[in-house]
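Some notes on the structure that comes next.
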Amino acid sequence: MAALRIYEEELLFLAEDEGDLEDEELLGFYLYLTELPLPVPHRNYPWFELDKYTDEECVLNFRFQKVDVLHLVTALRLPNQFLCKNGTIAGSLGGLCVLLRRLAYPNRLTDMIAMFGRSKTELSMIFNNVVDFVFAQHHSLLSNLNVPWLAPEKLMEMTRAVHEKGAALDNVWGFVDGT
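So the sequence shown is residues 281 to 459, counted in the numbering used here.
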């Protein structure tokens with residue numbers, strides 16, 4: 281992609297020097313080039329290592345402490361690695377962290393390149409593979425609400441607990457962000 285962009289810029293300058301382009305064409309081509317996002321060189325960043333992060337950074341980035349992220353790998357029964365359609369391979373821990381980071385806070389894939397040392401395409405493929413796996417393994421927990429912990433008595437217990445912690449409403453038992 282970067283090589284194509286350089287080639288297009290060179291063509292623009294050559295055409296301008298030789299007078300081959302009308303002003304409108306030149307302006308249109310210039311606007312096209314300036315609207316293209318600059319590529320972020322993911323190879324300049326090291327691959328993700330959870331050990332480099334403190335517990336505070338893990339909570340900030342993934343909403344889980346480091347030890348809990350490790351427990352999630354086991355609890356979700358993640359495979360040792362995820363193999364994407366384009367050949368990208370991600371380990372279970374790295375794949376889970378891509379998923380958690382993407383869901384923890386609204387961010388763009390570009391924003392995650394420095395953390396994971398992967399391209400936007402790789403991050404997208406890894407995220408999709410992990411989401412698909414987790415859903416395939418655990419969708420019954422999302423699609424079947426007829427479970428003991430959602431019985432009316434339990435819901436009342438949870439609403440009381442939330443209200444006693446200072447919530448203004450007395451009928452809240454869960455939150456959109458999962459807290």
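Beta carbons: idealized from backbone N, C-alpha and C, even for Gly.
Remember, it's a predicted structure, so these values are computed and weren't measured experimentally.
- The alpha carbon of ALA355 has as its nearest neighbour, out of PRO428, GLU444, LEU376, the alpha carbon of LEU376.
- Under the 10 Å beta carbon count, VAL452 is surrounded by fewer than 16 other beta carbons and is classified as exposed.
- Your pair PHE407 and LEU379 checks out as a contact, with CB atoms roughly 6 Å apart and the cut at 8 Å.
- Looking from the CA of LYS332, the closest CA among LEU425, GLY374, ALA431, LEU435 belongs to GLY374.
- No Cβ-Cβ contact shorter than 8 Å links LEU403 with PHE413.
- PHE407: member of the alpha helix (DSSP H) spanning 400-423, first to last residue.
- For GLY371, the enclosing beta strand (DSSP E) begins and ends at 369-371.
- The residue from VAL339, ILE393, ASN387, THR334 with its alpha-carbon nearest to that of PRO326 is ILE393.
- A residue is called buried once 16 or more other Cβ atoms fall within 10 Å of its Cβ, and PHE342 is buried on that count.
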